[in-house]
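Asks:
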Amino acid sequence: MQKIVLEMDGIRTHFPLYRGLIVRRQRGQVRAVDGVSLSLAKGEVLGLVGESGCGKSTLARTIIHLAPPTAGKLFLHGADVTNPSPENLAAVRSNVQMIFQDPYASLDPRMTVFDIIAEAVLIKNRLSRKKLTGKVVALMEQVGLAPEFILKYPHEFSGGQRQRIAIARTLAMNPEIIIADEPVSALDVSIQAQIINLMAHLCRQRGLAMLFISHDLSVVKHVSMRIAVMYLGKIMETGPSEDIFAGPRHPYTKALLSAMPVADPEKERSRKRIILPGDPPSPINPPPGCPFHPRCPFAQKKCASTIPPLEPCADKPEQSAACVRKYDDELTG
Amino acid sequence: MPLLSVTNLSTSFHSRRGTVRVVNSVGFNIDKGETLGIAGESGSGKSVLCYSLTGLVPQPPGTIESGEALFDGCDLLKCTTEKLRSIRGNRIGMIFQDPMTSLNPYLSIGSQLVEPLTIHRGLSKKEASARGIDALTEVGIQDAPRRMRQFPHEFSGGMRQRVMIAMALINNPDLVIADEPTTALDVTVQAQILDLIGALQHKHNSAVILVTHDLGVIAGICKRVMIMYAGRVLESGSAGQVLSRPRHPYTFALQKSMPAFTKRGNELYTIPGAPPDLSREIIGCPFAPRCEFKIDKCVNGPCQLLVHKDGHATACVRINDGDLLLDTKYRAGFTE
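Chains as they are written, first to last, in numbering that gives the first Met the number 0: chain Z, 0 to 332; chain P, 0 to 335.
Have a look at this one:
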């Protein structure tokens, strides 16, 4: 096993809800992330999947303290960084870099490519103008951008090229961990392939660990070594990519996999699909028991009362599922 | 006779940089109760094609340069605005891509939903509202009477798309044009919505034009498929023909670049280059500069959509001349 670089232990991120115009009182809270424990090893790509609103992005933001955790512990290289001092926070953020979903919103429209990348370079080391230009050009070349674009503005680029600029900016910090929050969701299939290849190549070359967040299972399957499935702020299932795709133990994972369209008419029409009824419940007052039980096609009485813990499967220690029926044949077969 | 028969449709936009030909001599037929999928990357002209058919292209800057779209004997491109209005929302329903922006935030769901009924069918408010409640229930929205009084912001994305579907289908249209109806939604919700469109289509025997960039969605519900690139149709045929035995290198390249087609850890196939600039005239095949199989005649020669004996049409010059075969030699390497 590789060395663990990032560890989350029971992370909770709750947002308070206030009501009232004159007397503001807290009336409940949004449980965006509700007890997540995950770890990330050096060089590993961990895929995090789930529907919108399940807390994937909040978890990412919690790791870099854009939304501080309410409870739980966060470790970076074994050191506790749950409540870092300002100096430590700067160190955490330079070590853990984020790529955002929408490359149209994450780049400042008034800055040139040079300004955008140089800003990040200058945080780490003060360089002379000449050296700085050299460094920026080198980074641009690494992400496949031609150096002559250095003085252009973001609006002059396509979505894929903008995402390349965003990647160059994160690399400027020399991070060990990259958090990619839906990096290819806004892109076309052919461009998506280019960006995925680039990210996979950089991770291999630099030994980066990556938390890859996406709702597209085929993309996650392709890039990740391990997968974690999230629902309503909790991890439902986690394990090696192959095992999860070959034999999901949680009904939610099963439903997600069956909802994934396959571009082969014969296969697509013959396979059985699980159509989940309704929408995910609100994280303001989550259902008692297993958060998935109101929509689960395999739910039993006990699912409504007990919260199943995320525990390794006896026959597959690498794979964990939070379901009371994870060994049932009806479910696994 | 087909329900809608489109021939030689071209739409352009005039800009400072010149005339951009967004849709270029597109033609297709669709029968009653049939599902036609239109696929292509962003900028391939799929949406503008739909807007042209429903008279939603702003003119100027847009112009419909040529073509004919016969819908039950009436040319949608040349008929009067009044005539078009009597068809739109009545016999042709449209579902737009983004359910977050296509509903009016100032109006309650109920008043938007029953508008087609009061306008086209002349129903009273009371009758229309009763039908609206039925329509909401039909698309799986519970507690419909209360929901009718709510506003769009009180609905989730999937629910709003259901409202859009209910609205498009409320007059039992003969044709539904769905422009990327599930792109903004999660996979689980996407599965629900596609299921719903399929069920309602079956019930009312409507024809559906489904525009999408996701070949997987097409494989699931479409009978026929049309692949668009740079405003032209590059390939068309039954879903089985186009997706299982593609006859155009572009379709083939699109499939190859999908993560599901490559083994994990292997490099994904990427299509080199970028789509062509549509403000310049394209000689030869529009895909030729990015095509791995191109030869001289692709770049210089003429390029036309040719229908083969089995009804599978392709615009690839090499395949039409019979000197290139995609399915046997090249496809062998990657089946899932």
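Beta carbons: idealized from backbone N, C-alpha and C, even for Gly.
1. Taking 8 Å as the threshold (C-beta atoms), are P/L2 and P/G92 in contact?
2. How is P/E335 classed by DSSP in three states: helix, strand or coil?
3. For P/V306 and P/G236, what's the separation of their Cα atoms in angstroms?
4. Which chain Z residues are close to P/V216, counting only those with a beta carbon under 8 Å from its beta carbon?
5. With a CB to CB cut of under 7 Å and the five nearest residues on each side skipped, what residues in its chain are close to Z/R18?
6. Under 7 Å Cβ-Cβ, which residues of chain P neighbour Z/E50?
7. Going along chain P, which residues have a C-beta under 7 Å from Z/N196?
8. Using 8 Å as the threshold, is the region 46-58 of chain P in touch with the region 78-98 of chain P, meaning 3 or more CB pairs across them?
9. Beta-carbon separation of P/P172 and P/R90 under 8 Å?
10. Enumerate, from N- to C-terminal direction, the unbroken alpha helix (DSSP H) stretches of 4 or more residues contained entirely within the region 265-332 of chain P.
11. Based on Cα-Cα distance, which residue from Z/I62, Z/P296, Z/P286 lies nearest to Z/D305?
12. Using a Cβ-Cβ cut-off of 7 Å (strictly less than) and excluding sequence neighbours within five positions of P/E335, which residues of its own chain qualify?
13. Could you have a look at Z/V323 and say whether DSSP puts it in helix, strand or coil?
14. Check whether the Cβ of P/E40 lies closer than 8 Å to any Cβ atom in chain Z.
15. Taking the alpha helix (DSSP H) that Z/K220 belongs to, which residues open and close that run?
16. Check each residue of the region 280-300 of chain P: if its Cβ is closer than 7 Å to any Cβ of chain Z, include it; give the result in chain order.
17. Comparing the C-beta of P/D351 with each C-beta of chain Z, is any distance below 8 Å?
18. Closer than 7 Å by C-beta to Z/F14: which residues in its own chain qualify, once you throw out the five before and the five after it? Chain order, please.
19. Could you work out which residue in Z/S269, Z/R294, Z/R270, Z/K271 is closest to Z/S281 when comparing CA atoms only?
20. Which of the three DSSP states, helix, strand or coil, is assigned to Z/P250?
21. Looking only at its chain, what residues have a beta carbon closer than 8 Å to the beta carbon of Z/M229, apart from the 5 residues adjacent to it on each side?
22. Do Z/A167 and Z/V136 have their C-beta atoms within less than 8 Å of each other?
23. Please identify, using Cβ separations under 7 Å, the residues of the region 269-290 of chain Z that lie next to chain P, in order along the chain.
24. Provide the residue(s) that pair with P/N103 in DSSP beta bridges, ordered along the chain.
25. Tell me the DSSP secondary structure of Z/P301 in three-state form.
26. Among P/P98, P/T100, P/M147, P/R16, which residue has its Cα nearest to the Cα of P/P60?
27. Taking only beta carbons into account, state which residues of the region 156-173 of chain P come closer than 9 Å to chain Z, listed in chain order.
28. Checking 8 Å against the spacing of the C-beta atoms, do Z/L256 and Z/P247 come in under that value?
29. So Z/Q100 contacts chain P; which residues on that side make the cut at Cβ distance below 7 Å?
30. Where do the ends of the beta strand (DSSP E) carrying Z/Q1 lie?
31. The beta strand (DSSP E) with Z/P239 in it runs from where to where?
32. Within 10 angstroms of its Cβ, does P/A331 collect 16 or more other Cβ (buried), or is it exposed?
33. Name the chain Z residues whose beta carbon is nearer than 9 Å to that of P/T261?
34. Let me confirm a value: P/I132 is counted as buried when at least 16 other C-beta atoms fall within 10 Å, else exposed. Which label applies?
35. Taking only beta-carbon atoms, is Z/E181 less than 8 Å away from chain P?
36. Measuring CA to CA, which of P/I164, P/T313, P/K222, P/I37 is closest to P/D30?
Replies: Concretely, from the data shown:
1. Pairing P/G92 with P/L2 gives a Cβ-Cβ distance that is not under 8 Å.
2. With a pLDDT of only 39 at P/E335, under 50, the local geometry of the prediction cannot be trusted, and the value read off the model is given with reservation. Residue state, collapsed to three classes: coil.
3. Pairing P/V306 with P/G236, the inter-Cα distance amounts to about 9 Å.
4. Here the neighbours are P260.
5. The beta carbon of Z/R18 is closer than 7 Å to those of R24, R26 in its chain, skipping five residues each way along the sequence.
6. In chain order: D185, T187.
7. Result: E266, L267, T269.
8. Contact between the region 46-58 of chain P and the region 78-98 of chain P is present: three or more C-beta pairs spanning the two stretches fall below 8 Å.
9. In this structure, P/R90 lies closer than 8 Å to P/P172 by Cβ.
10. Residue ranges of uninterrupted alpha helix (DSSP H) with 4 or more members, entirely inside the region 265-332 of chain P and ordered along the chain, are 295-299, 316-320.
11. Note on identity: in this sequence residue 305 of chain Z is Thr, with Asp being the wrong assignment. Here the closest residue by C-alpha is Z/P286.
12. Because P/E335 sits at a pLDDT of 39, beneath the cut-off of 50, its placement in the model cannot be relied upon, and the point is left open.
13. Here Z/V323 sits in coil by DSSP.
14. Against chain Z, the CB of P/E40 has a partner CB under 8 Å away; the residue lies at that interface.
15. Run containing Z/K220: 216-222, per the alpha helix (DSSP H) assignment.
16. Identification of residues in the region 280-300 of chain P having a C-beta nearer than 7 Å to some C-beta of chain Z yields an empty set.
17. The question about residue 351 of chain P has no answer here: the residues shown for chain P are numbered 0 through 335.
18. So the qualifying residues of the chain are Q28, V29, A31.
19. Answer by Cα proximity: Z/R294.
20. Helix, per DSSP.
21. Contacts found: V35, L47, V48, G49, C53, G54, K55, L58, M235.
22. Not in contact: Z/A167 and Z/V136 (Cβ atoms no closer than 8 Å).
23. Cβ contacts with chain P: R272, I274, L275, D278.
24. For P/N103, DSSP assigns no beta-bridge partner whatsoever.
25. Reading the sequence as shown, one finds Lys at residue 301 of chain Z and not Pro. Residue state, collapsed to three classes: helix.
26. The candidate whose alpha carbon is nearest that of P/P60 is P/R16.
27. From the region 156-173 of chain P, only G156, G157, M158 have a Cβ closer than 9 Å to chain Z.
28. The answer is yes: Cβ separation under 8 Å.
29. Residues of chain P passing the Cβ test: none, with the nearest at roughly 13 Å.
30. Careful: Z/Q1 lies outside any beta strand (DSSP E) and carries neither H nor E.
31. For Z/P239, the enclosing beta strand (DSSP E) starts and ends at 233-239.
32. Note that P/A331 has pLDDT 37, beneath the 50 cutoff, so the model's placement of it is unreliable and no number is given.
33. Those are A192, H221, listed as they occur along chain Z.
34. Classification for P/I132: buried.
35. It does not; no Cβ of chain P falls within 8 Å.
36. Residue P/K222 is the option with its Cα nearest to P/D30.
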